[in-house]
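In our numbering, the protein residues as written are 4 to 241. Heads up, the thing below is written out as structure tokens.
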Ligand SMILES: [Mn+2]
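Take a look at the structure:
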């Protein structure tokens, strides 16, 4: 991680005005996970902030935002922001109508992991090696001294499961696995995250896969074992 960038981010988010947190229109698992995990971090710092997205959350992700923290841009009053933290956008127009909430001089903190990012921010942190933007948020929160409790851990797991195709894609790195298996999850989560977000057309297969991955990840202790005994009760579930 580039220390100068982290210092710049910290300076902007420490200003007295609230922070605007946003991402691309039509949010997905990675962008929702990043935004709400970063919201949780700013809340630990007693920082004022608003999270706004252009487009409703897909039904399968609504369980992540039970308190309806994410607002549509037309429900937010434009104001002076200490900065806009923008996740997962290759260019500013990707935030859609959230642009209406920005002033010409709003500092933009651009955090992304995609090739082709146009570095439109006042601060640009682009890490193409990150499997998910959630991986970057995890590192940012840690380096700035934040705690990852159960809710942000679920959020960041959602980010990583979404963008790695449940640990299938080649973007899944040893670092990804260490984050998921290490101190982000000191206590095993229940299976609600992996089971909920893997629901798809092949529900039984997905359910089984989600169960296996979660349980393997909860049980490894700095050593990945590529197998898991599946009891009859699990097969009966599917
Ligand atoms: Mn992503």
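In this text, a Cβ means the ideal position worked out from N, Cα and C, and glycines have one as well.
Is any heavy atom in ligand 1 found nearer than 7 Å to the beta carbon of residue i?
i, result
"residue 27", "no"
"residue 171", "no"
"residue 92", "no"
"residue 33", "yes"
"residue 132", "no"
"residue 135", "yes"
"residue 108", "no"
"residue 43", "no"
"residue 166", "yes"
Could you name the residues that DSSP lists as bridge partners for residue i?
i, result
"residue 25", "89"
"residue 55", "74"
"residue 112", "88 and 126"
Quick check on residue i: buried or exposed, where buried means 16 or more other Cβ atoms within 10 Å of its Cβ?
i, result
"residue 62", "exposed"
"residue 11", "buried"
"residue 124", "buried"
"residue 106", "exposed"
"residue 161", "buried"
"residue 14", "exposed"
"residue 172", "exposed"
"residue 51", "exposed"
"residue 27", "buried"
"residue 148", "exposed"
"residue 34", "buried"
"residue 146", "exposed"
"residue 110", "buried"
"residue 32", "buried"
"residue 155", "buried"
"residue 152", "exposed"
"residue 7", "exposed"
"residue 82", "exposed"
"residue 205", "Low local confidence applies: a pLDDT of 43 at residue 205 is under 50, so the model's placement there is unreliable, with the coordinate-based value given in what follows. With fewer than 16 other Cβ atoms within 10 Å, it is exposed."
"residue 249", "Outside the shown range of the chain, which is 4 to 241, sits residue 249, and nothing can be said about it."
"residue 3", "The requested residue 3 does not occur in the structure, where the chain is confined to residues 4 to 241."
"residue 5", "exposed"
"residue 30", "buried"
"residue 19", "exposed"
"residue 132", "exposed"
"residue 43", "buried"
"residue 115", "buried"
Just confirm the distance between the C-beta atoms of residue i and residue j, as a whole number of angstroms; I'd bet it's less than 8 Å.
i, j, result
"residue 101", "residue 37", "Wrong, their Cβ atoms sit about 15 Å apart, outside the cutoff."
"residue 54", "residue 72", "5 Å"
"residue 120", "residue 93", "5 Å"
"residue 158", "residue 39", "5 Å"
"residue 182", "residue 138", "6 Å"
"residue 127", "residue 118", "In fact, because the Cβ distance is near 14 Å, the residues do not count as touching under 8 Å."
"residue 177", "residue 84", "With a Cβ gap of about 37 Å, residue 177 and residue 84 do not count as contacting."
"residue 23", "residue 104", "6 Å"
"residue 140", "residue 41", "6 Å"
Any beta strand (DSSP E) of 3 or more consecutive residues that is wholly inside the stretch 123-167: 126-129
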